[in-house]
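Just add 1009 to the spot in the sequence shown (first one is 1) and you have the numbering used here. We treat Cβ as the ideally placed atom computed from N, Cα and C, and that holds for glycine. Remember, it's a predicted structure, so these values are computed and weren't measured experimentally. What follows is one structure encoded as structure tokens, with my remarks underneath.
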Amino acid sequence: MECCGHLSRFEIHGTSYSSYIDSEFGDKSMRVQVGKILEVGDQFVHEYDFGTTTELRLKVLAEREGVLQKKAVELLAHNIPPVIPCDICGKPATQICSQCIYEGGGWLCELCAPQHECGEEMLLPVVNSPRVGMCGYDGPGL
1010 MECCGHLSRF EIHGTSYSSY IDSEFGDKSM RVQVGKILEV GDQFVHEYDF GTTTELRLKV
1070 LAEREGVLQK KAVELLAHNI PPVIPCDICG KPATQICSQC IYEGGGWLCE LCAPQHECGE
1130 EMLLPVVNSP RVGMCGYDGP GL
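Right, here's the structure in full:
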């Protein structure tokens, strides 16, 4: 979920694994093999960017089986993008106002976006990412 180098942390089995270790809070390093701490069925939390925090609640659904190759294993996950309606007309939103999102709105379609009161310079594309509308994030999130 990386967008531009913010700090992040995982909470797994009551232990905090952080990109910035703060021993005062008992954080451990994120440089740990997830296969050693997670099993199928485990649920955990990921927080990204402590200024405009995106929080994901995740669950391990399966484990890859097979012989390991010499190449590194690449893990990918992709959700089905939600259809978010335009706040004005109800058509599918294609733009999000990076100011109004903090008040729970600002979703706009192509036709309604040019008339938005905050101005077109505040608009970002709606992308399939939990970071949509945050911190200037504009993709890829396809």
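Neighbourhood of residue i by C-beta, 8 Å cutoff - its chain only, sequence neighbours within 5 removed
i: Lys1037; result: Thr1024, Ser1025, Tyr1026, Ser1027, Ile1030
i: Ala1122; result: Thr1103, Gln1104, Glu1129, Leu1132
i: Asp1051; result: Ile1021, His1022, Lys1068, Val1069
i: Gly1114; result: Asp1096, Cys1106
Straight-line Cα distance separating residue j from residue i
i: Trp1116; j: Lys1079; result: 45 Å
i: Glu1048; j: Ala1071; result: 8 Å
i: Glu1040; j: Phe1034; result: Sequence check: residue 1040 is Arg here, not Glu. Rounded to the nearest angstrom, the two C-alpha atoms are 17 Å apart.
i: Gly1127; j: Ser1107; result: Note on identity: in this sequence residue 1127 is Cys, with Gly being the wrong assignment. Roughly 9 Å separates the two Cα atoms.
i: Ala1081; j: Val1092; result: 34 Å
i: Cys1109; j: Phe1059; result: 19 Å
i: Leu1151; j: Asn1088; result: With a pLDDT of 46 at Leu1151, under the threshold of 50, the modelled position of that residue is not reliable, and no figure is offered here.
i: Pro1101; j: Arg1140; result: 18 Å
i: Val1076; j: Phe1019; result: 28 Å
i: Tyr1111; j: His1125; result: 16 Å
DSSP beta-bridge partners of residue i
i: His1055; result: Phe1019, Leu1065
i: Thr1024; result: Ile1021
i: Lys1037; result: Tyr1026
i: Ile1105; result: Trp1116, Leu1133
i: Pro1090; result: Note: Pro1090 sits in no beta bridge, so no partner.
6 Å CB neighbourhood of residue i in its chain, flanking five on each side removed
i: Arg1066; result: Val1054
i: Ile1021; result: Ile1046, Phe1053
i: Glu1064; result: Glu1056
i: Pro1090; result: Asn1137
Within 8 Å, strictly: CB atoms of residue i and residue j
i: Cys1144; j: Thr1061; result: yes
i: Glu1056; j: Ser1017; result: yes
i: Val1135; j: Gly1148; result: no
Proximal residues to residue i (C-beta, below 7 Å), its chain only, five neighbours per side dropped
i: Gln1042; result: none
Chain D contact for residue i (CB, 8 Å cutoff)
i: Pro1123; result: The structure shown contains no chain D, having only a single protein chain.
If contact is defined by three or more beta carbon pairs under 8 Å, each pair taking one atom from either stretch, is the region 1109-1127 in contact with the region 1089-1101? Yes, the region 1089-1101 is in contact with the region 1109-1127.
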